[in-house]
Amino acid sequence: MQRNVNNDTEALLSDIAKIENEPGYNHAFLDEQTKRMVRRAILKAVAIPGYQVPFSSREMPMPYGWGTGGIQITASIIGKADVLKVIDQGADDTTNAVSIRGFFAKMAGVATTEKTSEATIIQTRHRIPEDKLTRAHTMVYQVPVPEPLRWVEPRETETRKMHAHSEYGAMHVKLYEDIARHGRIATSFDYPALVDGGYIISPSPIPKFDNPKLDMSPALQLFGAGREQRIYAIPPYTKVTSLDFEDYPFEVQKWEDCCGLCGATTSYLDEIILNDDGDKMFVCSDSDYCQRRCEAGHKGPFADDRISDEQGERNAS
Amino acid sequence: MENAAHKRQEIPAGSNAPFGAGFTDPVFDSQKVFKIIMDAMASPGSVKNVDVPCDNPAAIHPATAAVCLTLFDSDTRVWLSDSGKQLADWLKFHCGCPIVKNTEAAKADFAIITKESPFPGLDIFPVGTPECPDKSATIIFEAQSLQKGVNYRATGPGIMEANHFSVTGLKGELIDYMEGNKTIFPMGVDAVVTGETSLVCLTRTTSIRNLKICT
Numbered sequence: 000m001q002r003n004v005n006n007d008t009e010a011l012l013s014d015i016a017k018i019e020n021e022p023g024y025n026h027a028f029l030d031e032q033t034k035r036m037v038r039r040a041i042l043k044a045v046a047i048p049g050y051q052v053p054f055s056s057r058e059m060p061m062p063y064g065w066g067t068g069g070i071q072i073t074a075s076i077i078g079k080a081d082v083l084k085v086i087d088q089g090a091d092d093t094t095n096a097v098s099i100r101g102f103f104a105k106m107a108g109v110a111t112t113e114k115t116s117e118a119t120i121i122q123t124r125h126r127i128p129e130d131k132l133t134r135a136h137t138m139v140y141q142v143p144v145p146e147p148l149r150w151v152e153p154r155e156t157e158t159r160k161m162h163a164h165s166e167y168g169a170m171h172v173k174l175y176e177d178i179a180r181h182g183r184i185a186t187s188f189d190y191p192a193l194v195d196g197g198y199i200i201s202p203s204p205i206p207k208f209d210n211p212k213l214d215m216s217p218a219l220q221l222f223g224a225g226r227e228q229r230i231y232a233i234p235p236y237t238k239v240t241s242l243d244f245e246d247y248p249f250e251v252q253k254w255e256d257c258c259g260l261c262g263a264t265t266s267y268l269d270e271i272i273l274n275d276d277g278d279k280m281f282v283c284s285d286s287d288y289c290q291r292r293c294e295a296g297h298k299g300p301f302a303d304d305r306i307s308d309e310q311g312e313r314n315a316s
Numbered sequence: 000m001e002n003a004a005h006k007r008q009e010i011p012a013g014s015n016a017p018f019g020a021g022f023t024d025p026v027f028d029s030q031k032v033f034k035i036i037m038d039a040m041a042s043p044g045s046v047k048n049v050d051v052p053c054d055n056p057a058a059i060h061p062a063t064a065a066v067c068l069t070l071f072d073s074d075t076r077v078w079l080s081d082s083g084k085q086l087a088d089w090l091k092f093h094c095g096c097p098i099v100k101n102t103e104a105a106k107a108d109f110a111i112i113t114k115e116s117p118f119p120g121l122d123i124f125p126v127g128t129p130e131c132p133d134k135s136a137t138i139i140f141e142a143q144s145l146q147k148g149v150n151y152r153a154t155g156p157g158i159m160e161a162n163h164f165s166v167t168g169l170k171g172e173l174i175d176y177m178e179g180n181k182t183i184f185p186m187g188v189d190a191v192v193t194g195e196t197s198l199v200c201l202t203r204t205t206s207i208r209n210l211k212i213c214t
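Line by line, the protein sequences give chains D and S. Note that numbering that gives the first Met the number 0 gives residue 211 to position 212 of the first sequence, counting from 1, and the numbers run on in steps of one. Note that numbering that gives the first Met the number 0 gives residue 108 to position 109 of the second sequence, counting from 1, and the numbers run on in steps of one.
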């Protein structure tokens, strides 16, 4: 049922007009009263940057941990004209991404895409695309644990007070313990960030490589935690600072290798073990970015080992 | 498409059809209007056109009516500056929202301050608590028009450099109030200012300057 966008705008529009969502269900699965509740929470979240607004999260037809918070946000904001992209660890073709895309293609009858530039809503599990986002994008993050202070203070009543009084010393102590133990800040994902000098947020488990992209992003960024029942947001063009120390400034991951397929040196790379001898290669985690670079003729050291889809199917069968 | 057939009209006071038509297509029209409000909230001070038709009672602008139909339901307590029966009945019929009494403004989730009413002083509305700043009111504040008039410049989160907007018939106290509102962050109220068929949002983090004084 998945529909990919083609370049012909007219054909696209008539395609959209023809698409109906699954009979027997409301547009985008949720009932209207639930959508209004989520929408009101989103508005307060946008008005108070970084503050976690409680909302009464619904049961979704998939388990917690699969992005039920993100799905409820997407369902509440998505309209007929939207084009949805879903990524899981940067990739468009993993189980989580494919099922969520299929869910909305079926339940909302919207067009879906794998191209960052064509999308209006990008629901993401733990990455921000390598391409520059624009004001036309809305990012929807799936968040497992929205409370950055939870590992420091287990009581919700206390973390609320800590946020209310910007009492964030404990967070710095946590980072300091990293330095004492490892000689550097070893936190590499879900790296705490301060939004507009006010609230500290958990940017969902994106790698800290992506933290600088949160800062002054032209896209509206919405975060949904279904199990923990929280929604928070970073409005466009908002200052987001990753916590650090004067003598241990914030740093992102770097690799000595380049992407094995497209040769990119500036993207976030995943390590792939190739055989029992421990040979390995690195590839871009953003599959759309890597694909486009390959098509444009960029080549990494493993580019010639790449197998076509046809070959892959033959090998599999 | 299907909306083209429906022309927006104002329901006069004392009309035989006191409720008029709500959204033609409640699901998609409210989604469209919500997207407009969300974009406006994410970019305070930028004027957005609400191009989704619905009938509005004479007491409020079409844009205000669209916001009500989009956000109100039985879970939202609404405070009205207008004591007329038509608006309260219209809201009850279309949204089913409880209307809070004049003296109970501190319990309101939303407030509508209509174009004809005097400025009630916004201190009566809830601003939330330091722990729960979201338990605060959203004020829908009607001006005459957002096309021309006094020029304001808004800065803050959501805004690249500055957003400019013009308002006619906005009671100046609102801007003063919103400036004071900023100082109690994270508590505070958020405002949606409407004029005819457009709206502009001002959040608790927005700095607003009157350009005449500024320059």
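All residues carry an ideal CB built from backbone N, CA and C; glycine is no exception. Note that the coordinates shown come from a computational prediction; the quantities given were computed from them, not determined experimentally.
Query                                                                                                                                : Result
Any chain D beta carbon closer than 7 angstroms to S/P52                                                                             : no
7 angstroms Cβ cutoff, D/W292 in contact with chain S                                                                                : For the record, residue 292 of chain D in the displayed sequence is Arg; it is not Trp. Chain S contact via Cβ: absent.
Contacts that D/G78 makes with chain S (C-beta to C-beta distance below 8 angstroms)                                                 : F27, Q30, K31, K34
Beta-carbon proximity check, D/S286 vs D/A90, cutoff 7 angstroms                                                                     : yes
Separation of D/L42 from D/E312, as counted between CA atoms                                                                         : 47 angstroms
Cutoff 7 angstroms: D/R226 Cβ touching any chain S Cβ                                                                                : no
Ranges of the beta strand (DSSP E) found wholly within the segment 193–276 of chain D, counting only runs of at least 3              : 198–200, 219–224, 229–233, 239–241, 268–272
Residue from S/E103, S/F71, S/N101 whose Cα sits closest to the Cα of S/W89                                                          : S/F71
S/S197, enclosing beta strand (DSSP E) - first and last residue                                                                      : 197–201
Which listed residue (S/A107, S/H93, S/F27) has its alpha carbon closest to that of S/D189                                           : S/A107
Coarse secondary structure for D/M138, derived from DSSP in three states                                                             : strand
Extent of the continuous alpha helix (DSSP H) run through D/N95                                                                      : 94–106
Extent of the continuous beta strand (DSSP E) to which D/K173 belongs                                                                : Note, D/K173: premise wrong, no beta strand (DSSP E); alpha helix (DSSP H) at 168–181.
Residues that D/M36 contacts on chain S, provided the C-beta gap is smaller than 9 angstroms                                         : D72, D74
Nearest neighbour of D/D189, chosen from D/D278, D/D209, D/A179 [CA to CA]                                                           : D/D209
Closer than 7 angstroms to chain D by CB, S/T205                                                                                     : no
C-beta neighbour in chain D for S/A136, strict 7 angstroms                                                                           : no
D/L83 to D/I70 span [Cα, whole Å]                                                                                                    : 12 angstroms
Contact set for S/N150: own chain, Cβ-Cβ below 8 angstroms, skip 5 residues either direction                                         : H163, F164, S165, N209, L210, K211
Residues bridged to D/N314 (per DSSP)                                                                                                : Answer is none; D/N314 lacks a bridge partner.
The segment 271–288 of chain D touching the segment 219–239 of chain D, judged by at least three CB pairs closer than 8 angstroms    : no
CB contact flag (S/A142, S/G171, <7 angstroms)                                                                                       : no
Three-pair Cβ contact test at 8 angstroms for the segment 239–248 of chain D versus the segment 159–176 of chain D                   : yes
C-beta atoms of S/Q85 and S/D54 nearer than 7 angstroms                                                                              : no
Proximal residues, the segment 47–76 of chain D versus chain S, C-beta separation under 7 angstroms                                  : I47, P48, Y50, V52, I76
Validate contact between the segment 25–39 of chain S and the segment 96–114 of chain S using beta carbons, cut 8 angstroms, 3 pairs : no
CB contact check: D/Y328 to chain S, cutoff 7 angstroms                                                                              : Because chain D here runs from 0 to 316, residue 328 of chain D falls outside it and cannot be looked at.
Own chain residues within Cβ distance below 6 angstroms of D/L219, not counting five before or after                                 : T137, P235
D/Q32 at chain S interface by Cβ criterion, 7 angstroms                                                                              : yes
With 16 other Cβ atoms within 10 Å as the buried cut-off, status of S/P11                                                            : exposed
First and last residue of the uninterrupted alpha helix (DSSP H) at D/V45                                                            : 31–46
For S/E115, three-class secondary structure by DSSP                                                                                  : coil
is_contact[S/A20, chain D] using C-beta, thresh 7 angstroms                                                                          : no
Burial state of D/K207, where buried means 16 or more other Cβ atoms lie within 10 Å                                                 : buried
Nearest-angstrom beta carbon gap, D/T123 and D/P217 [assumed within contact, 8 angstroms]                                            : That belief does not hold up - the Cβ atoms of D/P217 and D/T123 are roughly 16 angstroms apart, past 8 angstroms.
Which residues DSSP lists as bridging S/N150, in chain order                                                                         : S/S165
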